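Peer 1: Take any residue in the sequence shown, count from 1 to its spot, add 36: that is its number in my numbering.
A virtual CB, placed ideally from N, CA and C, is assigned to each residue, including glycine.
Small disclaimer: the values here were computed from a predicted structure and weren't measured.
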Amino acid sequence: MNLTITPVITILVVLCTLNSFPQENWSYSDCLKYALDNNIRIKQQSLNVMAMENSVSRAKSNILPSFNGALSNSFNYGRSLTYDNTYEDVNSTQLEGYLVTDITLWNGFILSNDIKKSKLDLQAALQEQLRIKNEIILNITASYLEILFAEEILMIAEEQLELTNRQLRRTKKLVEAGSLAAGAVLEAEARLAGDTLQLVKEVNRIKMAYMNLFQLLELPADKNFRIIHPELPEIKTKKMPQNSNEILKKALNKRPEIKASEIRIESAKRQLDIARGNRYPGLSFGADYLNIYNNKYTGMYNNHINLSDQLSNNKRYTMGFKLNIPLFNKFRVKYEIFDASIKVQTCEYQLENTRNILKKEIMQAWNNANAALNRYLAGKKAVTAAEEAFRYAEEKLNAGLISSMDYYQSKNYLTTVRSELVQSKYEYIFRSKILDFYRGIPIEL
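Put into structure tokens, the structure is as follows:
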């Protein structure tokens, strides 16, 4: 079976395999914009922010006076008290109306603390929204770089396939000339089949990387794209620019998860103040106005009293202060204070835990970036040496000084070190971008 595959055919096979992707191209910033505009978690948190804004408005409204009114119409049958203080059988219709207002003057600073707590809850919700956005940005960045990495590995696989294909053609010529046994062709074809299989695996890796990105973006089923390859900066540094402790100090002042935890502590303290405020008396002021009209009201001479006279005679005003003194309420205030105190301690532990998690993430990212940088620097030297060794092996093979087995070992080693170099490069880029992000520097590709 003839397994010879030319470079042109190889490229066509790859393009056909990736034909499911249209020609629409998205940059890294396009992916971020779409994700931040359409992600369900961000939309859900936006609703939560709106609810917190509504809570702030409601808390502020609680300091305003209330003002209400009511009208009632009743039908009376049977004996009724008349103007001359006697009872008669009278059927009448009576209309009553009243207006009432009241305002809280002081209640242990509960209203003011409720406003402060609502504002803090809103700030915490905004920081949580920012935390979700940051998490999505990091996930999109990782997925985007994974595609770039997979496509660069695919290029290496294509080059290796072409080398194997070229060696197969050379082997066939030597067999036809009688310089090699026929089994050499079978061996070369087997290696070509192996490299072709590896090429297919790398194509599948790209497809899986794209699928992961599409899922992160929550794209509709009928929408996809190809990414634009950015100009990634060359790695010139030979050591990490900052240690993990310096990055941690900056992150503790910038990261939204830390700010949100700190704000939640203050919110819990305001809730504790609210609970304590229930210990104190509450002072309020109220006033009301009442009036009545009855269609059968008569005067002392049995004359009907008209509407205007009844409204003038029956009106009543009331106003006064009310002092509500808590004496015993089944220890409700005591238990509320205890619950609020526990909430404060819980939030403090959550802040400590969040700081520990952030410290762990930064240390891991720094160590991974440092290890990737060292692998990259060592890998560059290894690739240079492997390329020279492979060039020398190819010359010796053409001169008949080494076997094809030695040639393929040199070729495979070159493939391995080149792949490891690419892997360490993208690992360092991603980890260094994470560290910059922790320092408050936006990610750009």
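Residue 186 and residue 223 look like a contact to me (Cβ under 8 Å); what is the Cβ gap, rounded to whole Å?
Peer 2: Contact doesn't hold; Cβ gap of about 30 Å is too wide.
Peer 1: Could you say if the segment 461-471 and the segment 151-171 meet the contact criterion of at least three C-beta pairs nearer than 8 Å?
Peer 2: Verdict: no, contact absent.
Peer 1: Taking the C-alpha atoms as reference points, what is the distance between residue 100 and residue 151?
Peer 2: Computed Cα separation, rounded: 13 Å.
Peer 1: Going by beta carbon distance, what residues of the same chain come within less than 7 Å of residue 227, once the five residues before and after it are set aside?
Peer 2: Around residue 227: 200 and 444.
Peer 1: Specify, as a first and last residue, the run of the beta strand (DSSP E) that residue 358 falls within.
Peer 2: Its beta strand (DSSP E) spans residues 352-360.
Peer 1: Let me know the secondary structure DSSP gives residue 261 once reduced to three states.
Peer 2: Of the three classes helix, strand and coil, the one that applies to residue 261 here is coil, per DSSP.
Peer 1: Whose C-beta lies closer than 8 Å to the C-beta of residue 86 among residues of the same chain, with five residues either side of it excluded?
Peer 2: Hits under 8 Å: none found.
Peer 1: Just mark residue 400 as buried or exposed, buried being the case when its beta carbon has 16 or more other beta carbons within 10 Å.
Peer 2: Exposed is the call here.
Peer 1: Can you list, in chain order, the residues of its chain whose CB lies under 8 Å from that of residue 44, leaving out five sequence neighbours each side?
Peer 2: Residue placement at residue 44 is poorly supported in this model, since its pLDDT is 47, which falls under 50; the coordinates still yield a value, given next. Cβ within range, chain order: n/a, list empty.
Peer 1: Can you give me the Cβ contacts of residue 359 inside the same chain, cut-off strictly under 6 Å, excluding the 5 residues immediately before and after it?
Peer 2: Cβ neighbours of residue 359 beyond the five flanking positions: 317 and 319.
Peer 1: Do the segment 285-296 and the segment 352-369 touch if we need at least three Cβ pairs shorter than 8 Å?
Peer 2: The segment 285-296 vs the segment 352-369: no contact.
Peer 1: On the three-state DSSP scale, how would you describe residue 105?
Peer 2: Strand.
Peer 1: Considering residue 457, what are the terminal residues of the alpha helix (DSSP H) in which it resides?
Peer 2: Where residue 457 is concerned, the enclosing alpha helix (DSSP H) stretches over 440-474.
Peer 1: With DSSP collapsed to three states, give me the class of residue 126.
Peer 2: Correct three-state label for residue 126: coil.
Peer 1: Applying the criterion that 16 or more other CB atoms from any shown protein chain within 10 Å of the CB defines a buried residue, is residue 231 buried or exposed?
Peer 2: Classification of residue 231: buried, given that the 10 Å Cβ count is 16 or more.
Peer 1: Please tell me whether residue 204 and residue 210 are closer than 8 Å, where the distance is taken between their beta carbons.
Peer 2: Contact flag unset, no.
Peer 1: Give a yes or no on whether the C-beta atoms belonging to residue 194 and residue 235 are separated by under 8 Å.
Peer 2: It is a contact, given that the beta carbons lie within the stated cut-off.
Peer 1: Secondary structure at residue 132, three-state DSSP: helix, strand or coil?
Peer 2: Strand, per DSSP.
Peer 1: Identify, in the order they occur along the chain, each residue of the same chain with its Cβ nearer than 8 Å to the Cβ of residue 386, setting aside the five sequence neighbours on each side.
Peer 2: Around residue 386: 297 and 300.
Peer 1: Rounded to whole angstroms, what is the Cα-Cα separation between residue 97 and residue 147?
Peer 2: Near 10 Å, if we compare the C-alpha coordinates of residue 147 and residue 97.
Peer 1: For residue 426, report the span of its beta strand (DSSP E) as first-last.
Peer 2: Not the beta strand (DSSP E): residue 426 falls in the alpha helix (DSSP H), residues 368-434.
Peer 1: Are there 16 or more other CB atoms within 10 angstroms of the CB of residue 107, so buried, or fewer, so exposed?
Peer 2: Answer is exposed; the Cβ neighbour count stays below 16.
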